[in-house]
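Reviewing the structure listed below.
Protein chains: 2
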Amino acid sequence: MKQYLNVMIVMNMLLIHLLTNIRCLFTFLYLNSSIKTLTAGKTHKDIDVGSVALARSCQALHHGATAVESILGFTENKEYQSWNAVKVSKTWYKRKPDETDIDILTSQTKLAARLYGADLVGMAELDRNFVYSHVAKNRFRPKEDRNRKAINFKDIEYPEENDTELIIPNSVNNVIVMGIGNAREILQTAPSAMTHAHSSIGYTRQSVAVLSMCEFIRSQGYVAIPCSNTTVLQVPMAIAAGLGQAGRLGTLITPEFGPNLKVVSVLTNMPLRHDKPIDFGVTEFCETCKKCARECPSKSITEGPRTFTARNTCSQDGVLKWQNDYMKCLEYWGEGGTNCSVCLSVCPYTKGAAWIHDVIGVTIDKMRFLDPVLLG
Amino acid sequence: MKQYLNVMIVMNMLLIHLLTNIRCLFTFLYLNSSIKTLTAGKTHKDIDVGSVALARSCQALHHGATAVESILGFTENKEYQSWNAVKVSKTWYKRKPDETDIDILTSQTKLAARLYGADLVGMAELDRNFVYSHVAKNRFRPKEDRNRKAINFKDIEYPEENDTELIIPNSVNNVIVMGIGNAREILQTAPSAMTHAHSSIGYTRQSVAVLSMCEFIRSQGYVAIPCSNTTVLQVPMAIAAGLGQAGRLGTLITPEFGPNLKVVSVLTNMPLRHDKPIDFGVTEFCETCKKCARECPSKSITEGPRTFTARNTCSQDGVLKWQNDYMKCLEYWGEGGTNCSVCLSVCPYTKGAAWIHDVIGVTIDKMRFLDPVLLG
């Protein structure tokens, strides 16, 4: 009888997962038929380029996806990425905060993040080790190169910029990290030209979320500094804020989206309750899986163990992690003319295998009588 | 045995719905605790205003939600609402279309809409009866009032504007209608100050979707005219495109979101397969329900039957519909200082009652032996 109940439990779990995923499945099937048409126009070097019409369609999908991010921008303290209020009036921004209760503020901020489009949100203490010493050099926008101004912390009330530096107030001690899940269906076409659109729509959504969040915080009377692939290293911030763990492929892996998400941060002096880092077994899983490394077309991802030694200037010594060759990776993007994204698409965590692992876990634990079948 | 099976079927349906909604439930409970805190600062005239801190928090949530829509704009043919290419280069926009297959274009456009954030999308033939004769007068932006230029159709290749008119090419014969579902949890606080944020985030998401979609179409070599509460009447367009039906409260009611969504359109000359209007019983339901009319604080919604006679200049004669007093509604917004939204929040379709109806439907049909219990 107990064994029968166990079988029922597992069958029920399978049923639940099937049903909760049924809408995703339909969406996938629908999208898939579109994708098959579009990706006949792949531009990747290993794959024949399709008709001009289809190649143009892929590019058009990307042009649409990138429109808003190209308006809201990427460069530190410029226009809509300003380190001070963009649309919020000074009356609100420069008025002393009225709400100072840490729990109320934390709860409000998490609500705001979700409203503004974040799928995941966490808070952590700002670790200045992960703030860049200088603004990033944007090689795609050489005119905006501002001689790599230094980023410094000083005793000032609001962020400032002068000819040689961008200055963050010393009061800025917290980071809000938001995760934006990407479209898995389109990722599955990697390394097609459609991965451009897949990536761009993530940037568009993160640019909306980060500007909205900054204006929310400023309106409450606190400082907010948007970090869209700028100012800070996102992955260690996201780990500290409890969003996920570092994976072999070098990006953040989350329980909800695997590595298939964008991460964007806001630095602030708003009092916030910190989240705790999580461990759902990524380190151990990546140790043995190695699928991303095997499938990486440019062989940029190491198949070896984690080490402290960086492989080139794209990484740094002194942190125990899988040391990958990001320079080689970027060169491959250039050659292929797409965002590649093969590592993201083949990662078992992206593929939603996590719940299968759950079921197998329960099965192995609760149903010893099935061992001969399941474990061979 | 058959009755037992029927009970199992219904129990199973209930279980499925419970499980598929369990994540929504958790999100709701979580958000609800935040909302209770925030809405102590309601500014509605009928309700005591809470502490300054809480009122400010509500306003801050709105400031964040409105930041992006205020950048991407609302006025016809201005900046990012341009009727011609915004970011897409002339090389792409003015090149003859390469893709002309109606089925491929329809499939690509539906995929693009979903990628750009639309929850619903449909296509219809453009009915010029629902295009405004003149540009809307934006009373919140008096400086932008351009003497109410006329909107005309002419034999030109690309949209144009001169001192007296905005001109749409005669080739523009299709409309793409996108629906953006709103956050139901926040709507439930209506008529609190938070409904501002609820509405604004909808506008932000629609401004992202509409600009992205226009740039996608232009990149393929077709004309795209964004209509964000401008240029056309959205509700009849949405009905024609199969998104939903007209409800008593005067807005679109969809099976997925009830009336709790934003609708935004794009006019184009891209060949597109048209969707068919749907009928899921809204007219009959609204005839008897009348909940929105009973609960409307300003009594702007009629409790009477549909008629052909408009009640004031906000509507027009000659269409059989529930004729509401939108002038009174807007005045009430002004008095209360919020977006009210009570009609949206009390509508049974918003409340997600649809699946309960499904279950009751199946129950009544399959389980006659329960009639004495269920039907009293």
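Here the protein sequences line up with chains A and B, keeping their order. Residue numbers for the first sequence follow the numbering used here, beginning at 33 and rising by one. Residue numbers for the second sequence follow the numbering used here, beginning at 33 and rising by one. Glycine is no exception: its CB is placed at the ideal position from the N, C-alpha and C atoms.
Test: residue i CB closer than 8 angstroms to a CB of chain A
{"i": "L93 of chain B", "result": "yes"}
{"i": "D307 of chain B", "result": "no"}
{"i": "Y364 of chain B", "result": "no"}
{"i": "V417 of chain B", "result": "Because residue 417 of chain B is not part of the residues shown, which for chain B are 33 to 408, the question remains open."}
{"i": "Y148 of chain B", "result": "yes"}
{"i": "F58 of chain B", "result": "Low confidence applies here, because F58 of chain B scores a pLDDT of 41, under 50, leaving its location unreliable and the question unanswered by this model."}
Cα-Cα separation, residue i to residue j
{"i": "T141 of chain B", "j": "A156 of chain A", "result": "40 angstroms"}
{"i": "V267 of chain A", "j": "H94 of chain B", "result": "29 angstroms"}
{"i": "R160 of chain B", "j": "I257 of chain A", "result": "47 angstroms"}
{"i": "V436 of chain A", "j": "F162 of chain A", "result": "Chain A is shown from 33 up to 408; residue 436 of chain A falls before or after that span and cannot be answered."}
{"i": "N224 of chain B", "j": "W365 of chain A", "result": "One point to set straight first is that residue 224 of chain B is Ser, not Asn, in the sequence displayed. Cα-Cα distance, rounded: 50 angstroms."}
{"i": "K122 of chain B", "j": "K126 of chain A", "result": "43 angstroms"}
{"i": "N32 of chain A", "j": "A241 of chain A", "result": "Summary: the structure shown does not reach residue 32 of chain A, with chain A confined to residues 33 through 408, and so no result is reported for it."}
{"i": "L352 of chain A", "j": "G154 of chain A", "result": "23 angstroms"}
{"i": "E192 of chain A", "j": "K308 of chain B", "result": "56 angstroms"}
{"i": "L143 of chain A", "j": "A215 of chain B", "result": "11 angstroms"}
{"i": "F106 of chain A", "j": "H228 of chain B", "result": "28 angstroms"}
{"i": "C246 of chain A", "j": "R146 of chain A", "result": "14 angstroms"}
{"i": "L63 of chain B", "j": "H306 of chain A", "result": "Below a pLDDT of 50, predicted positions are generally treated as unreliable, and L63 of chain B, at 42, falls in that range; the measurement from the model is reported next regardless. Going by the C-alpha atoms only, they are around 18 angstroms apart."}
{"i": "K181 of chain A", "j": "I249 of chain A", "result": "26 angstroms"}
{"i": "E316 of chain B", "j": "A97 of chain A", "result": "41 angstroms"}
{"i": "Y164 of chain A", "j": "L198 of chain A", "result": "11 angstroms"}
{"i": "V100 of chain B", "j": "T236 of chain B", "result": "6 angstroms"}
{"i": "E335 of chain B", "j": "G279 of chain B", "result": "12 angstroms"}
{"i": "I233 of chain A", "j": "G313 of chain B", "result": "36 angstroms"}
{"i": "V167 of chain A", "j": "V207 of chain A", "result": "18 angstroms"}
{"i": "G213 of chain B", "j": "P291 of chain B", "result": "9 angstroms"}
{"i": "T138 of chain B", "j": "T132 of chain B", "result": "10 angstroms"}
{"i": "F340 of chain A", "j": "I134 of chain B", "result": "56 angstroms"}
{"i": "R326 of chain B", "j": "G282 of chain B", "result": "14 angstroms"}
{"i": "S244 of chain B", "j": "A222 of chain B", "result": "31 angstroms"}
Three-way DSSP call (helix, strand, coil) for residue i in this model
{"i": "A156 of chain B", "result": "strand"}
{"i": "M302 of chain A", "result": "coil"}
{"i": "T370 of chain B", "result": "coil"}
{"i": "E193 of chain A", "result": "strand"}
{"i": "F162 of chain B", "result": "helix"}
{"i": "A310 of chain B", "result": "The question names Ala, but residue 310 of chain B in the sequence shown is Ile. The answer is coil: DSSP assigns I310 of chain B none of H, G, I, E or B."}
{"i": "G211 of chain A", "result": "strand"}
{"i": "K186 of chain B", "result": "strand"}
{"i": "P268 of chain B", "result": "helix"}
{"i": "K110 of chain B", "result": "coil"}
{"i": "A117 of chain A", "result": "coil"}
{"i": "I333 of chain A", "result": "coil"}
{"i": "G276 of chain A", "result": "coil"}
{"i": "L352 of chain B", "result": "coil"}
{"i": "A85 of chain B", "result": "helix"}
{"i": "K323 of chain B", "result": "helix"}
Within-8 angstroms CB hit, residue i to chain B
{"i": "Q220 of chain A", "result": "no"}
{"i": "L275 of chain A", "result": "no"}
{"i": "G369 of chain A", "result": "no"}
{"i": "E157 of chain A", "result": "no"}
{"i": "E288 of chain A", "result": "no"}
{"i": "R88 of chain A", "result": "yes"}
{"i": "Q140 of chain A", "result": "yes"}
Under 8 angstroms by beta carbon: chain A residues contacting residue i
{"i": "K323 of chain B", "result": "By Cβ distance, chain A contributes nothing, its closest Cβ being about 26 angstroms from K323 of chain B, past 8 angstroms."}
{"i": "D151 of chain B", "result": "Near D151 of chain B there are no residues of chain A at all, since even the closest Cβ is about 11 angstroms away, more than 8 angstroms."}
{"i": "Y190 of chain B", "result": "Going along chain A, no residue has its Cβ under 8 angstroms from Y190 of chain B, so there is no contact; the nearest lies around 17 angstroms."}
The ligand MN heavy atom lying under 7 angstroms from the CB of residue i
{"i": "K322 of chain A", "result": "With respect to the ligand MN, the structure offers nothing, as it holds no ligand at all."}
Where residue i meets chain B, residues with beta-carbon distance less than 8 angstroms
{"i": "V84 of chain A", "result": "D130"}
7 angstroms Cβ cut-off: residues of chain B touching residue i
{"i": "A144 of chain A", "result": "L93, G96"}
Exercise for review: Could you name the residues of the segment 223 to 244 of chain B whose beta carbon sits closer than 7 angstroms to any beta carbon of chain A, in the order they occur along the chain?
Suggested key: In summary, the residues of the segment 223 to 244 of chain B whose CB is separated from some CB of chain A by less than 7 angstroms are A229, I233, T236, V240, L243, S244, in the order they occur in the chain.
Practice item. Please name the residues in the segment 240 to 271 of chain A whose beta-carbon is closer than 9 angstroms to at least one beta-carbon of chain B, in chain order. Key: For the segment 240 to 271 of chain A, which is checked against every Cβ of chain B, the residues closer than 9 angstroms are V240, L243, S244, M245, C246, E247, F248, I249, R250, S251, Q252, G253.
Review point. Mind listing which residues of the segment 96 to 120 of chain B have their C-beta closer than 9 angstroms to chain A's C-betas, in chain order?
Key: Answer set for the segment 96 to 120 of chain B: G96, A97, T98, A99, V100, S102, I103, L104, Y112, V118, K119, V120.
**Study point:** Members of the segment 202 to 220 of chain A that neighbour chain B once the beta carbon cut-off is set at 8 angstroms
**Key:** Close to chain B, meaning a Cβ-Cβ distance shorter than 8 angstroms, are the following residues of the segment 202 to 220 of chain A: A215, I218.
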